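What follows is a short report on a single structure.
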Amino acid sequence: MIFELNYDNQAKEILEGQRRYREQMNSQYTAGYTDAEEKYEPELAQKESKISELCDENTELRDENTDLRDENTDLRDENSELRDENAELKRKIAELEKAQRS
72 MIFELNYDNQ AKEILEGQRR YREQMNSQYT AGYTDAEEKY EPELAQKESK
122 ISELCDENTE LRDENTDLRD ENTDLRDENS ELRDENAELK RKIAELEKAQ
172 RS
């Protein structure tokens, strides 16, 4: 009976020691996490701000690229129309020269 009581007390002490150890580790983890968060929070905020700026700049560049592509397409269409007009004028000049020779 005394052995059983002694064994129960030892088991309780072991369990209590494990509980205190877990609490201590949890406290140290929480403190370390909080310290790290406080230490790196400004740096993370600065980097997030920079990423946001770069995303905005990227969006602006994409929009500008789209506008330039549209302008390029318009210029190609205009160039094609001018080529057609030039070919038509050359044909008319050739007809006039032929008519003048006749």
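Take the position in the sequence shown, starting the count at 1, then add 71; the result is the number in my numbering. Beta carbons are placed, not taken as given, at the ideal position from N, Cα and C, and that holds for glycine. Here the structure is a predicted model, which is why all the values come from computation and not from measurement.
From residue i to residue j, what distance separates their C-alpha atoms?
i	j	result
residue 101	residue 140	54 Å
residue 86	residue 79	10 Å
residue 129	residue 123	10 Å
residue 162	residue 137	38 Å
residue 106	residue 131	38 Å
residue 167	residue 159	12 Å
Consult DSSP for residue i and reduce its assignment to one of helix, strand or coil.
i	result
residue 173	coil
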